[in-house]
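Here the structure comes first, spelled out in structure tokens, and everything after it is commentary.
In the numbering used here, the protein residues as written are 1105 to 1395.
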């Protein structure tokens, strides 16, 4: 397996699981909410927080721009809604400053080509390619030219498409994330064994980006060998927003990171051996040893 360096962290076979708290758009356009979510990620012990960056004029399909939508700001068009919740230079300057102050990495998924250019200013340690854009050749070429590690989500894809994307981007530069693009996703369609399929087929680190309710499935992904995990986070799942219901609240995030660290410790290195702690028990229980 290739090893990737992300800031001061490494992702690969012998390194701790890289835990990403996806803030995404759960800030609802309020930088103060974003900062509270950063605080939650820091307290929980996450390795990084992630945002989503869009240029709404470019990212929103023409047929959706004038569709009406109920929002906290009243009934407005989908394009206006996207503009209302989008962060620009002022907000990202503050996010960049605040993450440095708190000692946590941040990065983002760029949802259009102009957003790739926008994010260059911040010298991010990695970029995320969302599932919606893995078939966009021009976009993928721009991402390749960044010469940065790329986290690649593979929702809405079959294995043939995934193979094409991996070949195009190069195994040595990506973290391949199994995901199902349903919010929230039901257990019966999550198919965690895809993680093992990716591990057999590719040399890149494999991870899991979860959109389910609860923590069990993400923890199972770690037990299956995921080297990175990503979950949406929220202050309150009842908040307004499309991703809130599939997100993890603060107490849940703290539990998730705690349990990930316990599981990766318990997995060990795979060599069956006798531990010094077993010797006293062996003296007491093993009466015959003549095999």
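Glycine included, C-beta positions come from ideal geometry on N, C-alpha and C. These numbers come from a predicted model, not from an experiment.
Option in the options with minimal Cα separation from residue i
{"i": "residue 1195", "options": "1263, 1147 and 1138", "result": "1138"}
{"i": "residue 1261", "options": "1274, 1242, 1284 and 1342", "result": "1284"}
{"i": "residue 1220", "options": "1235, 1202, 1347 and 1247", "result": "1247"}
{"i": "residue 1206", "options": "1383, 1380 and 1198", "result": "1198"}
{"i": "residue 1253", "options": "1270, 1343, 1386 and 1241", "result": "1270"}
{"i": "residue 1351", "options": "1375, 1367, 1319 and 1311", "result": "1319"}
{"i": "residue 1347", "options": "1126, 1109 and 1174", "result": "1126"}
{"i": "residue 1329", "options": "1304, 1148 and 1292", "result": "1304"}
{"i": "residue 1235", "options": "1193, 1228, 1267 and 1282", "result": "1282"}
{"i": "residue 1226", "options": "1238, 1163, 1266 and 1200", "result": "1200"}
Beta-bridge pairing of residue i - partner residues as DSSP gives them
{"i": "residue 1194", "result": "Note: residue 1194 sits in no beta bridge, so no partner."}
{"i": "residue 1174", "result": "1179"}
{"i": "residue 1135", "result": "Paired residues: none, contrary to the question."}
{"i": "residue 1109", "result": "1114"}
{"i": "residue 1314", "result": "1335"}
{"i": "residue 1126", "result": "1154 and 1336"}
Three-way DSSP call (helix, strand, coil) for residue i in this model
{"i": "residue 1260", "result": "coil"}
{"i": "residue 1209", "result": "strand"}
{"i": "residue 1152", "result": "strand"}
{"i": "residue 1284", "result": "coil"}
{"i": "residue 1352", "result": "strand"}
{"i": "residue 1341", "result": "coil"}
{"i": "residue 1363", "result": "helix"}
{"i": "residue 1383", "result": "helix"}
{"i": "residue 1375", "result": "coil"}
{"i": "residue 1144", "result": "helix"}
{"i": "residue 1295", "result": "coil"}
{"i": "residue 1187", "result": "helix"}
{"i": "residue 1200", "result": "helix"}
{"i": "residue 1300", "result": "helix"}
Cβ pair residue i, residue j closer than 7 Å
{"i": "residue 1317", "j": "residue 1123", "result": "no"}
{"i": "residue 1278", "j": "residue 1298", "result": "no"}
{"i": "residue 1223", "j": "residue 1157", "result": "yes"}
{"i": "residue 1182", "j": "residue 1171", "result": "yes"}
{"i": "residue 1111", "j": "residue 1209", "result": "yes"}
{"i": "residue 1362", "j": "residue 1349", "result": "no"}
{"i": "residue 1159", "j": "residue 1345", "result": "no"}
{"i": "residue 1309", "j": "residue 1331", "result": "yes"}
{"i": "residue 1144", "j": "residue 1354", "result": "yes"}
{"i": "residue 1364", "j": "residue 1392", "result": "no"}
{"i": "residue 1280", "j": "residue 1302", "result": "yes"}
{"i": "residue 1402", "j": "residue 1232", "result": "Residue 1402 lies beyond the range of the chain shown here (1105 to 1395); nothing can be said about it."}
{"i": "residue 1249", "j": "residue 1106", "result": "no"}
Problem set entry | beta strand (DSSP E) runs wholly inside the stretch 1213-1279, at least 3 long, in chain order | 1231-1233 and 1254-1257, all fully within the stretch 1213-1279.
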